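In numbering that gives the first Met the number 0, the protein residues as written are 0 to 568. Remarks on the structure that follows.
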Amino acid sequence: MPRAPIIRKSPADLRVPPNPPIGWQEARRALAGLPGGGVNIAYEAADRHAQGPRAGHVALRWLGAAGERREITYAELAALSSRWAQLFAARGVGKGDAVFVLCGRIPDLYGAVLGALKCGAAVSPLFSAFGPEPIATRVNLGRGKALVATASLYERKIAKVRGEMPTLAHVLLADSPEVRAELARLPATFEIVRTGPEDPSFIHFTSGTTGMPKGAVHVHGAVVAHYASAAVALDLHPEDVFWCTADPGWVTGTAYGIVAPLVHGVTSIVDEADFDAARWYRILQDEGVTVWYTAPTAVRMLMKAGADLARQYARPKLRFVASVGEPLNPEAVWWGLETLGLPIHDNWWQTETGAIMIANTAAMDIKPGSMGKPLPGVEAAIVRRTGGSVTLVERAGEEGELALRAGWPSMFRGYLGQEERYRKCFADGWYLTGDLARRDTDGYFWFVGRADDVIKSAGHLIGPFEVESALMEHPAVAEAGVIGKPDPVVGEVVKAFVSLKTGYAPDETLKKELLAHARKRLGAAVAPKEIEFAPALPRTRSGKIMRRLLKARELGLPEGDTSTLESPA
Ligand code: AMP
């Protein structure tokens, strides 16, 4: 197939006419609002449908790791989440409280998340591949009052650090006989606590270059952006079978794995198992997936699994594919067209934006390699920071920081306990994203890179500081510097440079011990994959490890400005 710089769409390419480009006002009108006033995401996602013609429509089709299959209608989801809400309420959980959920992708995760929202609490789903330390750090930052987990995850991840989470008053094991019995006993109805558009809904943790993770606070009013973006960027129609492959422990898995499809009243596929190329092709085929939202790492893993495997499965219903989280190589867009028969539509957003901001929509021609154009209501620009203000980069093609005009409905409303850090994200009415990008003459945006040192591995944002801190806890480690090392499949792998205290030998045994130590504390999602010993690490005169320099050396690139280097390490 010829590799043109643009994939043009004709009406014949689209099986259903794309949704109109709706903005916030239209989305607001499409939602119900709480009877009597206010807005609550759980009401929009479950109870509203349960009380109307979609009550019997399948909300979740759960595929268990061991081959089980369970369908949950909107009426059942409303009931399940009401029981969870009753369970929380009985323990005094309500407005102003935070509930953490660490369950893996099981139906009770959805029940517990929506149940906590019904109580007026803020919810933070955690990734099950996190180790005990990232979990305890997040629960403490969020001052979690209740934590819902499965018994096995509790044993493996929480038991050891239970005593280090002083605010946690209740640990509820979703699969324990006690909780099962209590849920069965409790009423399947609940009067949703009245929340307004500015009341907290979710807390999503994200990583920066310095310090511990930041808890980005989101609000119930964000549902307007979830609805609008899923209509325009994912082209959701009422009869769709939608599959978002992201885990709810990350923002995509919550916003588009839980909220957006439910708010649209469509059927969502929930796969409990981890990535497996054959399994994924089988799901696309057997479950009749129509709209698929996945990530570049997954696409690259499917590409690696080969075209032969892809050919063994059909995708008769699939009509729209989108991807998010990291740069989508033009090669992957073309692979979609050639292998799936559909191009992959890249879109861009981040934890702080709460919803998709820039996208290649169904109606648009695609420029492979571009993230697309801002959605209706989103104003994006390329800017340059100058002190406390910004200047707009007007010229097409010029690189700068990607900025968004502040005030869209799903914008984060703060970083927990870090007012100053939040304030610094804004200048002259613009939110500064920390991403470098450029815009072309047609208004398409192109991702260039991160402006900071955070690492993107398999679509997950990892803060180097959190990894360095865990390594430093090992008695042999004097200092640690962590970078993202480019990787053809997962984008970047976490690589640590470590200098040792006197008396320790930099040998293979110690390397293995450090890798195991980090993995035990941080979990597989965050721990380094590679460790390299160095006699000393380059530091600035103010004592900060120069990760930029470590990375340049790793890549064999020029070292750039080293005038702040303390000593020639
Ligand atoms: P997170 O907050 O974990 O969702 O990560 C957000 C970051 O992922 C963004 O700031 C970007 O650096 C990166 N990202 C998200 N979507 C894309 C995309 N379509 N292309 C390139 N990078 C992306």
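For each residue, glycine too, the CB sits at the ideal point set by N, CA and C. None of the values given here were measured: they were computed from a predicted structure.
Residue range of the alpha helix (DSSP H) that includes residue i
i	result
T508	E507 to L521
F204	Taken as a continuous stretch (DSSP letters only), F204 belongs to no alpha helix (DSSP H), being part of the beta strand (DSSP E) at P199 to T205.
I544	That residue, I544, is in no alpha helix (DSSP H); it is neither H nor E in DSSP.
I381	No alpha helix (DSSP H) contains I381, which is instead part of the beta strand (DSSP E) from A379 to T385.
Y280	A276 to D285
R318	Per DSSP, R318 belongs to no alpha helix (DSSP H) and is neither H nor E.
Coarse secondary structure for residue i, derived from DSSP in three states
i	result
P567	Reliability fails at P567, whose pLDDT of 48 lies under 50, so the model's placement of it is uncertain and no value is given.
H48	helix
A461	Strictly speaking, residue 461 in this sequence is Ile, with Ala absent from that position. If DSSP states are grouped into helix, strand and coil, I461 belongs with the strands.
H225	helix
T350	helix
K366	coil
G340	coil
K117	helix
R56	Just to set this straight, residue 56 is His in the shown sequence, not Arg. Correct three-state label for H56: coil.
K159	helix
E25	helix
R422	helix
F126	coil
W61	strand
F87	helix
A309	helix
V492	strand
I134	helix
H217	strand
S456	strand
V288	coil
P373	strand
E177	helix
Residue range of the beta strand (DSSP E) that includes residue i
i	result
D486	V476 to D486
G399	G399 to R404
I530	E529 to F532
K303	Premise fails: K303 lies in the alpha helix (DSSP H), P295 to A304, not in any beta strand (DSSP E).
T390	S388 to L391
L172	H169 to L172
E43	Unbroken run through E43: none, as it is neither H nor E.
W334	From DSSP, W334 is part of no beta strand (DSSP E) but of the alpha helix (DSSP H) over P329 to W334.
V577	Missing from the structure shown is residue 577; the chain here goes from 0 to 568 and no further.
Residue i vs residue j beta-carbon contact at 9 Å
i	j	result
R412	V218	yes
V240	V265	yes
G187	L172	Note on residue identity: the sequence assigns Ala, not Gly, to residue 187. Result no, Cβ atoms of A187 and L172 do not sit closer than 9 Å.
A120	A97	yes
D434	L401	yes
W291	L317	yes
K455	E419	no
L499	A526	no
K372	F444	yes
D46	S81	yes
A299	V489	For the record, residue 299 in the displayed sequence is Arg; it is not Ala. Their beta carbons are under 9 Å apart, which means R299 touches V489 by this criterion.
G324	A294	yes
Closer than 8 Å: residue i CB and nearest the ligand FMN heavy atom
i	result
M370	Among the ligands present in this structure, namely the ligand AMP, the ligand FMN is not found.
Any C-beta of chain B under 9 Å from that of residue i
i	result
A495	In summary, chain B is missing from the structure at hand, where a single protein chain is found.
For the 8 Å Cβ check, are there 3 or more pairs between the segment 119–133 and the segment 194–214?
yes
I want to know whether the segment 174–190 touches the segment 416–428 - three or more CB-CB distances under 8 Å.
no
With three or more C-beta pairs closer than 8 Å as the rule, is the segment 475–485 touching the segment 536–555?
They touch, by the three-pair rule.
Three Cβ pairs or more, each shorter than 8 Å: is that satisfied between the segment 344–356 and the segment 207–224?
The segment 344–356 is in contact with the segment 207–224.
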